[in-house]
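Undergrad: Residue numbers (the numbering used here): 1209 to 1287.
Handing you this structure, nothing more for now.
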């Protein structure tokens, strides 16, 4: 029996209004692409919610993606 690896993707979205805002998204999948896509979506929604709660809409300034296979980080990107 073959065991399919599970990937954990962590995404952060940052924006600058009057203050800095941050949203975080975490997703698990057997597909790296699907884990990243879901984590980005969750991070963006969390950032939007934070901006709405603080009434501080901002300009996106940074996004970060990290992907782990088990406890080992296998991918990192900031843009």
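No residue lacks a Cβ here, since even glycine has one placed at the ideal position from N, Cα and C.
Keep in mind that this is a model prediction, so the values were computed, not measured.
In terms of residue numbering, what span does the beta strand (DSSP E) encompassing residue 1229 cover?
TA: For the purposes of this step, residue 1229 is taken as residue 21 along the chain shown, with counting starting at 1. It spans 1228-1237 - the beta strand (DSSP E) in which residue 1229 sits, taken as one unbroken run.
Undergrad: Identify the residues that DSSP records as bridge partners of residue 1281: which are they?
TA: Here residue 1281 refers to the residue found at position 73 of the chain shown. DSSP, once it has assigned bridges, lists 1276 as partnering residue 1281.
Undergrad: So, are the CB atoms of residue 1215 and residue 1234 less than 7 Å apart?
TA: One-based indexing of the chain shown puts residue 1215 at position 7. One-based indexing of the chain shown puts residue 1234 at position 26. It is not a contact, given that the beta carbons lie outside the stated cut-off.
Undergrad: With a threshold of 6 Å (Cβ to nearest heavy atom), would residue 1265 be considered close to the ligand FAD?
TA: You won't find the ligand FAD in this model; it holds no ligand whatsoever.
Undergrad: With DSSP as the reference, please indicate the residues paired to residue 1270 in a beta bridge.
TA: If you number the chain shown from 1, residue 1270 lands on position 62. Per DSSP, 1222.
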